[in-house]
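*Asks:* In the numbering used here, the protein residues as written are 735 to 921. The C-beta atom is built at its ideal place from N, Cα and C for all residues, glycine as well. Right, I'll just put the structure down here and ask away after.
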């Protein structure tokens, strides 16, 4: 089920509904190229409509962001298994090249580099020192690819987002905050 919200400029935003027996409150999220409304069990349709009305500014802002992303990065907005299958090998090569490039100076040990089809994340570093990247790294500009790889490499030193972690990222990429914000907008 989904909802259609008419925005002030006449556009119609589609919001996917996800019912949840575990959720405690209504929640809107933007991930994987779509806006999703999480609805706790027992929530009335009237409460859902009131919530959507209350959040109309947020919806409008995020819908514009989605449209910009789709225009600027059409491959990032695409989320199909066929798209993943078509690009995963080249994406893995690209991620591996970037990891090798940045790790020349860092000399950090890790086990493997993989790409995956991720809806809400750009990368991860596992406890087993495996580096995983969203296959859509392939479609990012170089500076965002670099930031993403440096971010995950720094997790090999600091497996959290502590002040020490961010200091390590900043030591390598002094302007990392710009790239961090941009990637968050593309998720």
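Measuring CB atoms only, is the stretch 897-908 touching the stretch 856-876, in the sense that at least three cross pairs come out at less than 8 Å?
*Replies:* no
*Asks:* Could you tell me which of 866, 764, 775, 738 sits nearest to residue 756, measuring between CA atoms?
*Replies:* Here residue 756 refers to the residue found at position 22 of the chain shown. Here the closest residue by C-alpha is 775.
*Asks:* Would DSSP call residue 774 helix, strand or coil?
*Replies:* One-based indexing of the chain shown puts residue 774 at position 40. Strand, per DSSP.
*Asks:* So for residue 837, helix, strand or coil by DSSP?
*Replies:* As a working mapping, residue 837 is identified with position 103 in the chain shown. Helix at residue 837.
*Asks:* Going by beta-carbon coordinates alone, are residue 760 and residue 746 separated by less than 8 Å?
*Replies:* Indexing the chain shown from 1 puts residue 760 at position 26. Indexing the chain shown from 1 puts residue 746 at position 12. Not in contact: residue 760 and residue 746 (Cβ atoms no closer than 8 Å).
*Asks:* Grouping DSSP H, G and I as helix and E and B as strand, with all else coil, what is residue 786?
*Replies:* For the purposes of this step, residue 786 is taken as residue 52 along the chain shown, with counting starting at 1. In the structure shown, residue 786 falls within a helical segment according to DSSP collapsed to helix, strand and coil.
*Asks:* Going by DSSP, what residues sit across from residue 753 in a beta bridge?
*Replies:* Here the question's residue 753 lines up with position 19 in the chain shown. DSSP, once it has assigned bridges, lists 773 as partnering residue 753.
*Asks:* Reducing DSSP to helix, strand and coil, say where residue 899 ends up.
*Replies:* In the chain shown, counting from the first residue as 1, residue 899 sits at position 165. Of the three classes helix, strand and coil, the one that applies to residue 899 here is helix, per DSSP.
*Asks:* Go through the stretch 851-917 residue by residue and report every complete run of the alpha helix (DSSP H) that reaches 4 residues or more, in order.
*Replies:* 876-891, 897-906
*Asks:* Once you ignore the five residues that flank residue 822 on each side, which residues in its own chain have a CB closer than 7 Å to its CB?
*Replies:* By 1-based counting over the chain shown, the position of residue 822 is 88. Cβ within range, chain order: 849, 869.
*Asks:* Return the Cβ separation of residue 808 and residue 859 in integer angstroms, given the expectation that the two are a contact with Cβ distance under 8 Å.
*Replies:* Within the chain shown, the letter at position 74 stands for residue 808. Within the chain shown, the letter at position 125 stands for residue 859. Residue 808 to residue 859, Cβ: 29 Å. No contact.
*Asks:* Using only CA atoms, which one of 793, 770, 742, 877 lies nearest to residue 752?
*Replies:* Along the chain shown, one-based indexing puts residue 752 at 18. Closest option to residue 752, judged by alpha-carbon separation, among 793, 770, 742, 877: 770.
*Asks:* The beta strand (DSSP E) that contains residue 760, what's its start and end?
*Replies:* Residue numbering aside, residue 760 sits at position 26 when the chain shown is read from its first letter. Counting along the chain, residue 760 falls outside any beta strand (DSSP E), and DSSP gives it neither H nor E.
*Asks:* Count the other C-beta atoms from every protein chain shown that fall within 10 angstroms of the C-beta of residue 919, then say buried if there are 16 or more, exposed otherwise.
*Replies:* Against the chain shown, residue 919 aligns to sequence position 185. So residue 919 ends up on the exposed side.
*Asks:* Nearest to residue 906 by CA position, among 844, 916, 802, 886, is which residue?
*Replies:* Here residue 906 corresponds to residue number 172 of the chain shown, with the count starting at 1. Cα-wise, what sits closest to residue 906 is 886.
*Asks:* Count the other CB atoms, across all protein chains shown, that sit within 10 Å of the CB of residue 796; report buried if there are 16 or more and exposed otherwise.
*Replies:* Taking the first residue of the chain shown as 1, we reach residue 796 at position 62. If you draw a 10 Å sphere on the C-beta of residue 796, you find 16 or more other C-beta atoms in it, and that means buried.
*Asks:* Quick one: is the Cβ of residue 745 within less than 7 Å of any heavy atom of the ligand GTP?
*Replies:* The ligand GTP is absent from the structure shown, which contains no ligand whatsoever.
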